[in-house]
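S.K.:
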Amino acid sequence: MDFGSILIQVKKGDRAAEKALFEALADRMLFLCLRYVKSREDAEDLMISGMFKVFSNLVHFKEAHDHGFINWARRIMINECLMHLRKKNCLVLISEPVHEIPEDGIGVLEKLDAESLLDQILLLPAGYRTVFNLFVIEGLDHPEIADLLQISVGTSKSQLSKARQLLQRNIQKAGINYVRYKTI
Numbered sequence: 001m002d003f004g005s006i007l008i009q010v011k012k013g014d015r016a017a018e019k020a021l022f023e024a025l026a027d028r029m030l031f032l033c034l035r036y037v038k039s040r041e042d043a044e045d046l047m048i049s050g051m052f053k054v055f056s057n058l059v060h061f062k063e064a065h066d067h068g069f070i071n072w073a074r075r076i077m078i079n080e081c082l083m084h085l086r087k088k089n090c091l092v093l094i095s096e097p098v099h100e101i102p103e104d105g106i107g108v109l110e111k112l113d114a115e116s117l118l119d120q121i122l123l124l125p126a127g128y129r130t131v132f133n134l135f136v137i138e139g140l141d142h143p144e145i146a147d148l149l150q151i152s153v154g155t156s157k158s159q160l161s162k163a164r165q166l167l168q169r170n171i172q173k174a175g176i177n178y179v180r181y182k183t184i
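Under full-length UniProt numbering, the very last position in the sequence shown is 184; numbers go up by exactly one each time.
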C-alpha cells in the first residue's frame with residue numbers, strides 16, 4: 001500500500017481513505033500490542049486508543065516515505081502499551097535467579113517458529129517481556145530503552161539477559177520441538 005497518497009487524502013478529510021488507512025494498519029498494530037500485554041481485550045483497546053492518536057496527530061506527520069510513517073505509528077503504539085503497563089503497575093522489573101544454560105552453538109530462540117516464540121514471550125513477566133520486545137523486536141538500543149522506561153542502562157541489559165535466559169529455560173522445560181536448519 002502506498003501510504004503517501006492515502007495520507008494526503010486522510011489529511012483532506014476523506015473518510016474512505018481513513019477507513020483504508022485504519023484497515024491497513026489495524027492487524028499489524030494489534031499484533032504489536034499483543035506482544036506487550038497478555039489480554040487480547042487490552043491489546044484491542046490499546047490498538048484503538050493508539051490509532052486514535054495516530055489519526056489525531058497525523059497533521060504533524062511530515063515524512064514522505066511509507067517506512068517513516070509505519071515507524072511513527074509503531075512508536076505511538078509502543079508508547080500506548082508502555083503507558084498502560086505503567087498505569088496498571090505491571091512494569092515491575094524483577095530479579096530472577098540466573099541459571100547457566102548450555103549453548104550448542106545455535107540459540108534456542110532462533111530455532112522456534114514465530115507462534116511458539118510469541119507464546120513463550122507472553123509468559124515472561126511484564127518487565128522482562130517489555131525490555132525483550134523493545135530490544136529484540138523493535139530494535140531499540142539500551143540507552144533508548146532506559147530513557148523510555150526510566151531505568152538505568154545496566155538494568156535494561158540485565159533484564160534483557162534474564163529474559164533471554166528465562167525464555168530458553170521455559171522453552172526447554174516445555175519440550176517445544178524446533179526445526180534445526182542445516183547450512184549448506
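Heads up, the beta-carbon is just placed ideally off N, CA and C, and yes, glycines get one too.
Distance, Cα to Cα, Ile171 vs Gly13?
M.R.: Answer to the nearest angstrom: the Cα atoms are 49 Å apart.
S.K.: Helix, strand or coil, according to DSSP, for Ile78 in the structure here?
M.R.: Ile78 falls in the helix class under three-state DSSP.
S.K.: Where do the ends of the alpha helix (DSSP H) carrying Leu21 lie?
M.R.: Its alpha helix (DSSP H) spans residues Arg15 to Tyr36.
S.K.: With distances taken from CA atoms, which of Leu149, Ala20 and Ile6 is nearest Leu85?
M.R.: The shortest Cα separation from Leu85 among Leu149, Ala20 and Ile6 belongs to Leu149.
S.K.: Taking Cβ positions, are Ile76 and Val54 nearer each other than 8 Å?
M.R.: Cβ atoms of Ile76 and Val54: closer than 8 Å.
S.K.: Rounded to whole angstroms, what is the Cα-Cα separation between Lys11 and Leu167?
M.R.: Roughly 43 Å separates the two Cα atoms.
S.K.: Would Tyr128 and Lys173 be called neighbours here (beta carbons separated by less than 8 Å)?
M.R.: Result no, Cβ atoms of Tyr128 and Lys173 do not sit closer than 8 Å.
S.K.: Count the other CB atoms within 10 Å of the CB of Ser156; is the residue buried (16 or more) or exposed (fewer)?
M.R.: Buried, since its Cβ has 16 or more Cβ neighbours within 10 Å.
S.K.: Could you tell me the distance, in whole angstroms, from the CA atom of Val153 to the CA atom of Leu123?
M.R.: If I take the Cα positions, the gap works out to 24 Å.
S.K.: Around the Cβ of Val131, are there at least 16 other Cβ atoms within 10 angstroms (buried) or fewer (exposed)?
M.R.: Result: buried.
S.K.: Is Arg40 buried or exposed, if buried means 16 or more other CB atoms sit within 10 Å of its CB?
M.R.: Per the 10 Å Cβ criterion, exposed.
S.K.: Just reading off the alpha helix (DSSP H) that Ile151 is part of, what are its end residues?
M.R.: Looking at the DSSP string, Ile151 is not in any alpha helix (DSSP H), and its letter there is neither H nor E.
S.K.: What's the C-alpha gap between Leu160 and Asn89?
M.R.: Approximately 19 Å, taken between the alpha carbons.
S.K.: State the DSSP-derived secondary structure class of Asn133, mapped to helix, strand or coil.
M.R.: Correct three-state label for Asn133: helix.
S.K.: Note down the Cα distance separating Ile8 from Gly175, rounded to an integer number of angstroms.
M.R.: Spanning the two alpha carbons is a distance of roughly 50 Å.
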